[in-house]
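Below you'll find the structure, written out as structure tokens, and then a few comments.
Numbering (the working numbering), first residue to last: 387 to 538.
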């Protein structure tokens with residue numbers, strides 16, 4: 387079972403998300419980005435088309451006939467998508483331990499200034515911890531990432 391990395395950002399989560407997506411693509415993984423709100427997924431879709439200018443991230447939004455072809459698929463659906471190695475959760479989106487077990491990497495990205503999203507991340511941490519899923523919390527500090535907690 388892979389570790390689930392929680393990333394608590396102090397900046398816009400898009401910057402962190404972009405880094406995670408770039409590294410995941412370099413690892414050869416197909417990624418599902420699951421959000422809780424359709425308008426945020428649409429905004430993220432637009433952002434990924436424009437940035438980063440020096441490193442294009444091929445992606446698409448779920449609901450089309452070619453979802454299986456997109457290396458990065460953006461969705462609000464909670465149903466698991468086959469043939470994905472990585473899952474990135476944003477804006478309080480959920481996952482289940484059985485879904486996590488089938489993946490290479492799970493990342494939960496949340497902004498520290500959004501109290502409801504922080505609560506949602508804590509709830510997810512507790513639920514996954516109770517099922518024995520390995521967890522690591524990374525917090526953005528002074529432009530870098532510091533490992534703050536782990537259940538291993």
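Virtual Cβ for every residue (Gly too), placed ideally from N, Cα, C.
- Setting aside the 5 residues that flank it on each side, residue 535 is surrounded in the same chain by 523, each with a C-beta closer than 6 Å to its C-beta; the list follows chain order.
- The beta-bridge partner set that DSSP reports for residue 525 consists of 394, 532.
- Note on geometry: alpha-carbon atoms of residue 525 and residue 404 lie some 16 Å from one another.
- Residue 471 is positioned such that its CB atom lies no closer than 8 Å to that of residue 420.
- Residue burial annotation: residue 442 is exposed, with fewer than 16 other C-beta atoms found within 10 angstroms of its C-beta.
- Separation of residue 398 and residue 517 (C-alpha to C-alpha, rounded to the nearest whole angstrom) is 30 Å.
- Of the candidates 490, 436, 508, 396, the residue whose Cα lies closest to the Cα of residue 409 is 490.
- Nearest Cα to residue 480 within the set 458, 507, 502: 507.
- Under the three-state reduction of DSSP output, residue 498 falls in the coil class, being neither helix nor strand.
- Residue ranges of uninterrupted beta strand (DSSP E) with 3 or more members, entirely inside the region 459-486 and ordered along the chain, are 472-476.
- Per DSSP, the continuous beta strand (DSSP E) segment holding residue 418 begins and ends at 417-420.
- Secondary structure note for residue 490: it is in no alpha helix (DSSP H), with a DSSP letter that is neither H nor E.
- Pairing residue 494 with residue 510 gives a Cβ-Cβ distance under 8 Å.
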